[in-house]
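K.L.:
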């Protein structure tokens, strides 16, 4: 035990058993915490063993999930999760990073405090509330103002890439709604971390650049952002991790249906879909103990492992960045 | 300077600068507007059923408009109380460990805590389901869901938050306080219990309140653990919680229940806000 100071109080040995009890208590609590992470992984593995044994690799490679036929393939959920999270990142990152730059570098002091307060407030709104807003505001808006006009317009079907994206059922619940709602949810989160990272950059760097006659934009783009880059990438990955495992808001707006195309796959933004988490929340009520439940728990295992990896990488990046900045 | 300002290259640079600044300002405004729009909608729609009957009645299946969400409020409060009971001992003790021991082991515990913090909440719920409810349900079909299990799931989510805040607050206590106490021959446990913890108390309480506020709105872990129901029940059986009620009413086909969902959301947000405001007041009173 490397406690700072060690055993400096030799005064009374009668205290020692209490001190060692104290040290044991805090050490055991920390071990419990470590064991918890291991326990989560092994419990999920244990309960999904029946599914892993029966389905093998088909669980990840197959597209078909059919309880009645006993088929459990999660490839569609995996790709749906990636699709909606990437969409969210694509929309959210430019806005988040620019807002963070505004808050940390450009905005006058009196604006920073209230805006920071609002961002903290928004990060505290539960995802189920975002989902509620998504169902009754975002979905009707997207359906009436985006999907219907886009599907009716003949010009869109002529542009090569756009044409395969802006298609689909178009009745509301869709990948587009899920991606946008996720973007709205992770924006305060990414903005807050990016702002902290920008604030951690020594002002000497900015002063040096300004002293050489750089404009503010040149200072930020050529001096501040390059040294903040690893941290900003880490922040974006943390946001990605959030979007990846987000359940309620996505479940409420993504439709939870296989797209109505011949092979059940679709790149169309207006088509409904699934994510791993939304499939878990949605199929849970129908699952009976046995292989169906085991397959759902295996979904949880996949989500656990991937989010561990994402978070591990992101935290390492942020840590490295913060250490380099001192 | 005035002659310099007229050179095209400088004018171009200034233009670029202005453009960059406006892009950043506009994105901040866009973000704020969307988020403000959500809050405004919540207030506008939520006030319709936000009246006393909402808090003192149970759901009414015959006439939903007369029903309330009393049992969900009680359920949420109970679940949070259980979560507190689980996360406080482990979180605070391991936070103390972080402040006391600075070695490789404590660093890896800290790192794992960050990782635990990033695990999706639905996975935590599924974990509790896998080790607690599923084994029970195999012996007694259809049973096993309980408020206790929901509290355990939220408690697990709170542990890293409580640990982090305890650690940070203990680090803020001046080193001289530790040194002075230890130099007088006070044992380590007594120094912590009587000198350091009281000095950091306000900060820790604030952090715990904020952690409670964060898990209060969690829905996904509760889906697998407390299930939800339509009446008041003991915490050893399925109970209801505000986020579950909100989810159920939001996805319902009945427009009246949809409206009650907005009021439920408003109640939930107010609960979370109250916790955060209390937390801030505690910090402020500590500073005086």
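Protein chains in written order, with the working numbering: chain A, 1 to 326; chain B, 327 to 614. No residue lacks a Cβ here, since even glycine has one placed at the ideal position from N, Cα and C.
If you draw a straight line from the alpha carbon of residue 549/B to that of residue 48/A, how long is it in whole angstroms?
P.N.:
So the two alpha carbons sit approximately 19 Å from each other.
K.L.:
Note down the Cα distance separating residue 6/A from residue 495/B, rounded to an integer number of angstroms.
P.N.:
Note that residue 6/A scores 44 on pLDDT, short of 50, meaning its location in the model is unreliable and no value can be drawn from it.
K.L.:
What are the complete alpha helix (DSSP H) segments, minimum 4 residues, inside the segment 447 to 507 of chain B?
P.N.:
Taking only runs of at least 4 residues, the alpha helix (DSSP H) segments lying wholly in the segment 447 to 507 of chain B are 447 to 454, 460 to 465, 473 to 498.
K.L.:
What residues from the segment 570 to 598 of chain B come within 8 Å of chain A, judged by C-beta to C-beta, listed N to C?
P.N.:
Cβ contacts with chain A: 572, 573, 576, 577, 584, 587, 588, 591, 594, 595, 598.
K.L.:
Output yes if chain B places a C-beta closer than 8 Å to the C-beta of residue 315/A; else output no.
P.N.:
With 8 Å as the cut-off, residue 315/A counts as an interface residue toward chain B.
K.L.:
Among 18/A, 97/A, 136/A, whose alpha-carbon lies nearest the alpha-carbon of residue 356/B?
P.N.:
Per the Cα distances, 97/A.
K.L.:
Anything in chain B within Cβ reach of residue 47/A, meaning under 7 Å, just list it in chain order.
P.N.:
Going along chain B in sequence order, the residues near residue 47/A (Cβ under 7 Å) are 456, 460.
K.L.:
Would you mind reading off the limits of the alpha helix (DSSP H) that contains residue 432/B?
P.N.:
Its alpha helix (DSSP H) spans residues 430 to 444.
K.L.:
When DSSP builds the beta bridges, which residues end up paired with residue 553/B?
P.N.:
According to DSSP, residue 553/B bridges with 565/B.
K.L.:
For a contact meaning CB atoms closer than 8 Å, what does residue 435/B contact in chain A?
P.N.:
Near residue 435/B (Cβ distances below 8 Å), the residues of chain A are 30, 33, 34.
K.L.:
Specify, as a first and last residue, the run of the alpha helix (DSSP H) that residue 130/A falls within.
P.N.:
Element bounds for residue 130/A: 127 to 133.
K.L.:
Whole-angstrom Cβ separation of residue 276/A and residue 33/A, contact assumed at under 8 Å?
P.N.:
26 Å between Cβ atoms; not a contact.
K.L.:
Output the distance between the C-alpha atoms of residue 553/B and residue 566/B, rounded to the nearest integer angstrom.
P.N.:
Spanning the two alpha carbons is a distance of roughly 7 Å.
K.L.:
Extract the residue ranges of the alpha helix (DSSP H) inside the segment 370 to 410 of chain B, only unbroken runs of 4 or more that lie entirely within it.
P.N.:
Taking only runs of at least 4 residues, the alpha helix (DSSP H) segments lying wholly in the segment 370 to 410 of chain B are 378 to 382.
K.L.:
Quick one: is residue 426/B near chain A, going by C-beta distance under 8 Å?
P.N.:
It does: the Cβ of residue 426/B has a partner Cβ on chain A nearer than 8 Å.
K.L.:
Do you know how far the Cα of residue 419/B is from the Cα of residue 304/A?
P.N.:
Going by the C-alpha atoms only, they are around 26 Å apart.
K.L.:
Is the segment 171 to 187 of chain A touching the segment 69 to 86 of chain A, taking contact as three or more C-beta pairs under 8 Å?
P.N.:
Yes: the two stretches touch, three or more of their Cβ pairs being nearer than 8 Å.
K.L.:
Nearest to residue 124/A by CA position, among 26/A, 102/A, 71/A, 187/A, is which residue?
P.N.:
Residue 124/A has its Cα closest to that of 187/A, out of 26/A, 102/A, 71/A, 187/A.
K.L.:
Would DSSP call residue 80/A helix, strand or coil?
P.N.:
The answer is helix: DSSP assigns residue 80/A an H, G or I state.
K.L.:
For residue 534/B and residue 488/B, which I take to be in contact (beta-carbon distance under 8 Å), what is that distance rounded to the nearest angstrom?
P.N.:
Sure, about 6 Å apart at Cβ, within 8 Å.
K.L.:
List, in chain order, every chain A residue whose beta-carbon is nearer than 8 Å to that of residue 562/B.
P.N.:
Here the premise fails: no neighbours, minimum Cβ distance about 21 Å.
K.L.:
Leaving aside the five residues before and after residue 409/B along the sequence, list all residues of the same chain whose C-beta is less than 7 Å from its C-beta, in chain order.
P.N.:
Around residue 409/B: 477, 480, 481, 484, 541.
K.L.:
Got a sec? Which residues, its chain only, sit under 8 Å from residue 369/B by beta carbon, not counting five neighbours each side?
P.N.:
For residue 369/B, where only same-chain residues beyond five positions count, the Cβ hits under 8 Å are 592.
K.L.:
Please report the straight-line C-alpha distance between residue 520/B and residue 434/B, rounded to a whole angstrom.
P.N.:
Distance between the alpha carbons of residue 520/B and residue 434/B is about 28 Å.
K.L.:
Check whether the segment 342 to 354 of chain B touches the segment 209 to 222 of chain A, taking contact to mean three or more Cβ pairs, one atom from each stretch, closer than 8 Å.
P.N.:
Yes, since at least three Cβ pairs between the segment 342 to 354 of chain B and the segment 209 to 222 of chain A fall closer than 8 Å, the two stretches touch.
K.L.:
Give every residue of the same chain whose Cβ lies closer than 7 Å to the Cβ of residue 193/A, excluding the five residues on either side of it in the sequence, and list them in chain order.
P.N.:
Taken in chain order, the residues that qualify are 235, 238.
K.L.:
Would residue 137/A pass as an interface residue toward chain B - the criterion being a Cβ-Cβ separation below 8 Å?
P.N.:
True, the Cβ-Cβ gap to chain B drops below 8 Å.
K.L.:
Quick check: the Cα distance between residue 135/A and residue 252/A, rounded to an integer number of angstroms?
P.N.:
Going from the Cα of residue 135/A to the Cα of residue 252/A covers about 7 Å.
K.L.:
Between which two residues does the alpha helix (DSSP H) holding residue 251/A run?
P.N.:
Counting along the chain, the alpha helix (DSSP H) containing residue 251/A begins and ends at 248 to 253.
K.L.:
State yes or no: is the beta carbon of residue 623/B nearer than 8 Å to at least one beta carbon in chain A?
P.N.:
Because chain B in this structure spans residues 327 to 614, residue 623/B falls outside the shown range and cannot be described.
K.L.:
Using only the alpha-carbon positions, how far apart do residue 614/B and residue 130/A sit?
P.N.:
Residue confidence is low: residue 614/B scores 44 on pLDDT, short of 50, so the model does not pin down where it sits. Its coordinate-derived value is still stated next. Rounded to the nearest angstrom, the two C-alpha atoms are 38 Å apart.
K.L.:
Is the segment 242 to 250 of chain A in contact with the segment 442 to 459 of chain B, if contact means three or more CB pairs nearer than 8 Å?
P.N.:
Counting Cβ pairs under 8 Å, three or more are found: they touch.
K.L.:
Kindly indicate if chain A contains any beta-carbon less than 8 Å away from that of residue 555/B.
P.N.:
No, its Cβ sits nowhere closer than 8 Å to a Cβ of chain A.
K.L.:
Kindly indicate if chain A contains any beta-carbon less than 8 Å away from that of residue 444/B.
P.N.:
Yes, its Cβ sits closer than 8 Å to a Cβ of chain A.
K.L.:
Contact between the segment 413 to 432 of chain B and the segment 282 to 297 of chain A is defined here as three or more beta-carbon pairs at a separation below 8 Å; is this criterion met?
P.N.:
Touching, no.
K.L.:
Taking only three categories from DSSP, how would you classify residue 171/A?
P.N.:
Coil, per DSSP.
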